[in-house]
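Worksheet: the structure to be examined is printed underneath.
Next up, the structure:
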């Protein structure tokens, strides 16, 4: 393989990762016409269109989908060979990382993560995708670099690193009469509840209540934590949600927070990645960014609250 082939391989990787000529050019630091010309050469050489237009966007052909993880692995291997003796410098990094995350994770971590990335690696773009049940499949095939995930069943080879241990609290609008006094289990069950169920499944809270022979009054089921928090801030509904999600919005939303009147389990939020990226400097740096963001979230939860008050 000569230098031109290696350059073409890098261009192919960028095109397959971005599914967009303009974004691929930005990722490579090249002009759009140069990448378009390279795409034409790749199409001729591989006897496949690789990218086809569908409406206003482009998508990979079946051959492109097949090549995507193979080419990514080749490029990662080449990067490891060429950079092992050089110190990693985030400031020189020009790359798009793809991360799967729930909107809970975005709410809690993304503002802090974005601040760190802007300061340390201004050439980096973070692209978040919605978390699904089998995020590990996307990690394995190279579609995704990192996942911020909740507990799940993952193949044993995957790496899992805890970020936070979450606990549930009950939240309602500021001045909610039910939260101004000691909240009993019976009174809490009778309130109008908003439930977040991203995948349409029964929530952990309702599973616990069912095991104990209780049922709460559910008025709204929504797929997003951010939407649920805004809904309860503007109504008499209440929400049982992680303390860190509430902390992330309390400076902007008028909310009262109380402990839930029933013992609820804690749960971990973790980072998940494929072991082939264990020693990849850029991925290791990104994992460290999320770890530092989680430490900042924990520190914020220990500080005295300001702004909208905590109910008694």
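Residue numbers (my numbering): 251 to 562.
Each residue gets a CB set at the ideal place from its N, CA and C atoms; glycine is no exception.
If you're wondering where the values come from, they're calculated on a predicted model, not measured in any experiment.
- Taking a C-beta distance under 8 Å as the contact criterion, residue 318 and residue 298 do not qualify as a contact pair.
- Judged by their CB atoms, residue 295 and residue 302 are not nearer to each other than the 8 Å cut-off.
- Here the alpha carbon of residue 289 sits roughly 34 Å from the alpha carbon of residue 360.
- Only residues of its own chain outside the window of five on either side were considered, and among them 415, 416 and 417 have a CB closer than 7 Å to the CB of residue 516, listed in chain order.
- The DSSP assignment places complete beta strand (DSSP E) segments of no fewer than 3 residues inside the region 457 to 483 at 467 to 472, in order along the chain.
- Straight-line spacing of the CA atoms in residue 354 and residue 271 works out to 32 Å.
- Partner residues in the beta bridge of residue 309, as assigned by DSSP, are 302.
- When the beta-carbon positions are compared, residue 488 and residue 420 come within less than 8 Å of each other.
- Contact between residue 490 and residue 519 fails: their C-beta atoms lie close to 17 Å from each other, not under 8 Å.
- In this structure residue 385 is in contact with residue 394, their Cβ atoms being roughly 7 Å apart against a cut-off of 8 Å.
- For the 8 Å CB-CB criterion, residue 371 and residue 343 form a contact.
- In this structure, the alpha-carbon of residue 533 lies about 11 Å from that of residue 338.
- For residue 435 against residue 467, the beta-carbon gap comes to about 13 Å, at or over 8 Å, which does not count as contact.
- In the three-state DSSP reduction, residue 412 falls in the strand class (E or B).
- In this structure, residue 348 keeps its C-beta atom at 8 Å or more from the C-beta atom of residue 381.
- Taken atom to atom, the span from the alpha-carbon of residue 463 to that of residue 512 is near 12 Å.
- Restricted to the region 370 to 457, the alpha helix (DSSP H) segments that are unbroken, complete and at least 4 residues in length are 385 to 390 and 435 to 440, listed in chain order.
- Positions of the alpha helix (DSSP H) runs, each at least 4 residues long and wholly inside the region 514 to 547, cannot be given because no such run exists.
- Where residue 351 is concerned, the enclosing beta strand (DSSP E) starts and stops at 345 to 351.
- A straight-line Cα-Cα distance of about 56 Å links residue 432 and residue 322.
- In the structure shown, residue 491 adopts extended strand secondary structure according to DSSP, grouped into three states.
- From the listed residues 447, 300 and 259, the smallest Cα separation to residue 278 is found for 259.
- In the DSSP assignment, residue 507 forms a beta bridge with 421.
- Taking the CA atoms as reference points, residue 427 sits about 42 Å from residue 367.
- Residue state for residue 263 is assigned as helix, using DSSP reduced to three classes.
- Note on geometry: alpha-carbon atoms of residue 307 and residue 461 lie some 48 Å from one another.
- When the beta-carbon positions are compared, residue 483 and residue 514 stay at least 8 Å from each other.
- In the structure shown, residue 293 adopts helical secondary structure according to DSSP, grouped into three states.
- The beta carbon of residue 499 sits closer than 6 Å to the beta carbons of 479 from its chain, once the five residues preceding and following it are set aside; these are given in chain order.
- In this model, residue 402 and residue 284 are separated by some 44 Å (Cα to Cα).
- Less than 8 Å separates the beta-carbon of residue 409 from that of residue 528.
- Taking the C-beta atoms as reference points, residue 523 is found no nearer than 8 Å to residue 320.
- Bounds of the alpha helix (DSSP H) holding residue 278 are 271 to 278.
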